[in-house]
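Report on one structure; see the data block that follows.
Number of protein chains: 2
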Amino acid sequence: MSVLVVGSTALDSIKTPNAENPRLLGGSASHAAVAVSFFAPVRLVGVVGDDFPRRYVKLYERHGIDLEGLQFARGRTFHWAGEYEVNMNNRRTLTTELGVFEHFTPTLPESCKRTPFVLLANIAPGLQHHVLDQMQRPKFVVADTMDLWLNIALPDLLRLLKRVDALVLNDSEARQLTGEDNVVVAARRIHRLGPRYVIVKKGEHGSLLSGPGGRFVCPAYPLEKVVDPTGAGDSFVGGLMGCLASGRGSVEQNLRRGMLHGAVVASFCCEGFGLKRTTRVTRQDIEARVTELKSMTRV
Amino acid sequence: MSVLVVGSTALDSIKTPNAENPRLLGGSASHAAVAVSFFAPVRLVGVVGDDFPRRYVKLYERHGIDLEGLQFARGRTFHWAGEYEVNMNNRRTLTTELGVFEHFTPTLPESCKRTPFVLLANIAPGLQHHVLDQMQRPKFVVADTMDLWLNIALPDLLRLLKRVDALVLNDSEARQLTGEDNVVVAARRIHRLGPRYVIVKKGEHGSLLSGPGGRFVCPAYPLEKVVDPTGAGDSFVGGLMGCLASGRGSVEQNLRRGMLHGAVVASFCCEGFGLKRTTRVTRQDIEARVTELKSMTRV
């Protein structure tokens, strides 16, 4: 079954201690949609400006991403510039130019409204609501978010939590949202805010699922070298969603399987700038690494 | 088969934001030996002073710990006092009174010298060497260490690494020892220093085994409340060593099984001050939590 991905479509200029890469294809929806594409049909909803390189459109197309919901607007594409320290857990934003994103309204084409799986990738909660308002009885809705929305759009986000099946967020955001230092307790508190499933991302330490079927502890794929972690979280949730939409097991089984696959797509994402590495891997590469990751947790 | 544990035997005064507990039974060897005792016969090598409470000797005995190697010296028992912050990953030492530990030489009784499994729990590397010098062809030697020894006894520690089968250390120590930020690479570098097996402890994020049979990623048991993490690392390595000595599989299998069991004993350790909770659990309690932990990694 297919997945609708709404989120940001951006150009990312990324500086690390070793290299500088201007205007890469980025944004939460780009990373997530490419990740979904390995597993399930995917439709992208977003907006780009008239400076958006044609080759990036082709890249989406090569991944079979349906672009009927991608708006081409007058103006400049959302541009983010950031710099990573030697310890890549620390980064700072250098520039944020919203461009056409500033007045973006994700109006869905008719063809998108009945998509069974909806991934509300990281974007303002108000826009996530707007997408849900247009959907016709989706089967499963997953929302991602970030600290920015906890800071400036908390009421919208809290309303959103009543409307989604699963919330994905990182550990520091889980702490911020609940005021609780212990991640296990924080996850439990988030259930009370709405979502049946809560997935806490912990970067190199893996991720934790809390749901009606119990807890699942998912390892990260151990990487010897991280080139650029930008988009790893979006790749994770994209891989997860693709597996959920294509899996034949129970939701619980598909989520667990999805987290492992998401962790692997995220590991590939970290091995190159922007989407450079992810777009060169095959489903077989992913499955090989999933097999390896499974063997690393087998007793 | 039985396990020889050498390390510190101490009185710990532990302050947390919620409570204060003076002169609890503590020390790396105490925590490790109690943890081993759930799985295998264990002999303790250490030293205590004449202020060492009789009830703590009884506690060792209740756990079937052979005390022939425990020296009773004139003077005061090693006393450590520490304080934890609200975030229990942060602690500071308030007092360290070495007492009888200052002139401790771990001279082994004859009965100890042929013990097949040797756990060099956290103690000065010079003393760890001294124990190994007396052992007669041990089957498997595991060493634990801490940042203090990296700072003040690095040459001794580096020599020790050539003599042990496995080194257990935490992630920040692995970084310090190798000068490498990435834990996966750090583990690989430690192999070159000697040990065939390297186990990196990551606290609430679990642990990582690197060895000839590949990598194993072991989750921590997710705890909702940590009362006192003192001794958790020692409990982990003790549980691990007990399983290794009692297991029937290959070293690799026993280590993986041991890490899971060690993680569970460590989780019990964190649920009470000092050894209070650990000494109240049964093997059945441990196995129940191991089953639960395994189910949390099953896809």
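Going down the list, the protein sequences come from chains A and B. Residue numbering for the first sequence follows the working numbering, beginning at 1 and increasing consecutively. Residue numbering for the second sequence follows the working numbering, beginning at 1 and increasing consecutively. Cβ atoms here follow ideal geometry from the backbone N, Cα and C, with glycine treated the same way.
Range covered by the beta strand (DSSP E) that runs through residue i
i              : result
residue 284(A) : Unbroken run through residue 284(A) is the alpha helix (DSSP H), 283-295; no beta strand (DSSP E).
residue 95(A)  : 91-97
residue 305(A) : The question about residue 305(A) has no answer here: the residues shown for chain A are numbered 1 through 299.
residue 120(A) : 117-120
residue 124(A) : First-last for residue 124(A): undefined, no H or E at that position.
residue 10(B)  : 10-15
residue 144(B) : 140-144
residue 215(A) : 214-218
residue 46(B)  : 42-48
residue 170(B) : 166-170
Proximity below 7 Å, CB of residue i to CB of residue j
i              : j              : result
residue 206(B) : residue 220(B) : yes
residue 115(A) : residue 4(A)   : yes
residue 43(A)  : residue 27(A)  : no
residue 119(A) : residue 241(A) : yes
residue 78(A)  : residue 10(A)  : yes
residue 291(B) : residue 217(A) : no
residue 250(A) : residue 39(A)  : no
residue 166(B) : residue 142(B) : yes
residue 125(A) : residue 160(A) : yes
residue 147(A) : residue 173(A) : yes
residue 7(B)   : residue 49(B)  : no
residue 185(A) : residue 224(B) : yes
residue 257(B) : residue 270(B) : no
residue 230(A) : residue 65(A)  : no
residue 300(B) : residue 94(B)  : What the structure shows of chain B is the stretch from 1 to 299, and residue 300(B) is not part of that stretch, so it cannot be assessed.
residue 168(B) : residue 144(B) : yes
residue 278(A) : residue 34(A)  : yes
residue 236(B) : residue 262(B) : yes
residue 189(B) : residue 178(B) : yes
Beta carbon proximity, residue i to chain A, threshold 7 Å
i              : result
residue 217(B) : yes
residue 138(B) : no
residue 116(B) : no
residue 301(B) : There is simply no residue 301(B) to check, as chain B begins at 1 and stops at 299 in what is shown.
residue 222(B) : yes
Any C-beta of chain B under 7 Å from that of residue i
i              : result
residue 297(A) : yes
residue 205(A) : yes
residue 287(A) : no
Member of the options whose CA lies at the smallest distance from the CA of residue i
i              : options                        : result
residue 25(A)  : 117(A), 47(A), 40(A)           : 47(A)
residue 210(B) : 37(B), 16(B), 259(B), 104(B)   : 259(B)
residue 234(B) : 217(B), 245(B), 268(B)         : 268(B)
residue 128(A) : 88(A), 110(A), 96(A), 162(A)   : 162(A)
residue 333(B) : 228(B), 222(B), 65(B), 252(B)  : There is simply no residue 333(B) to check, as chain B begins at 1 and stops at 299 in what is shown.
residue 67(A)  : 19(A), 154(A), 99(A), 30(A)    : 30(A)
residue 81(A)  : 232(A), 296(A), 21(A)          : 21(A)
residue 37(A)  : 266(A), 87(A), 63(A), 169(A)   : 63(A)
residue 53(A)  : 35(A), 72(A), 65(A)            : 72(A)
residue 265(B) : 169(B), 61(B), 178(B), 285(B)  : 285(B)
residue 170(A) : 150(A), 156(A), 158(A), 155(A) : 150(A)
residue 305(B) : 123(B), 122(B), 113(B)         : Because chain B here runs from 1 to 299, residue 305(B) falls outside it and cannot be looked at.
residue 155(B) : 193(B), 121(B), 51(B)          : 193(B)
Endpoints, the alpha helix (DSSP H) within which residue i is located
i              : result
residue 210(B) : Note, residue 210(B): premise wrong, no alpha helix (DSSP H); beta strand (DSSP E) at 207-211.
residue 58(B)  : 54-62
residue 191(B) : 183-192
residue 148(B) : 147-152
Residue i: CB within 6 Å of a non-hydrogen atom of the ligand ZN
i              : result
residue 160(A) : Among the components of this structure there are no ligands whatsoever, and the ligand ZN is therefore not found.
Mind checking the segment 151-182 of chain B against chain A and listing, in chain order, the residues whose C-beta falls within less than 9 Å of any C-beta there?
-> 181, 182
Listed from N- to C-terminal order along the chain, which residues in the segment 252-265 of chain A have their beta-carbon within a distance smaller than 9 Å of any beta-carbon of chain B?
-> Under the 9 Å Cβ criterion, the segment 252-265 of chain A contributes 253, 256, 257, 259, 260.
If you measure beta-carbon to beta-carbon, which residues of the segment 72-100 of chain B are closer than 8 Å to chain A?
-> Taking 8 Å as the Cβ-Cβ cut-off against chain A, the residues of the segment 72-100 of chain B that qualify are 86, 87.
Please list the residues of the segment 238-252 of chain A that have a C-beta atom closer than 9 Å to any C-beta atom in chain B, keeping them in chain order.
-> none
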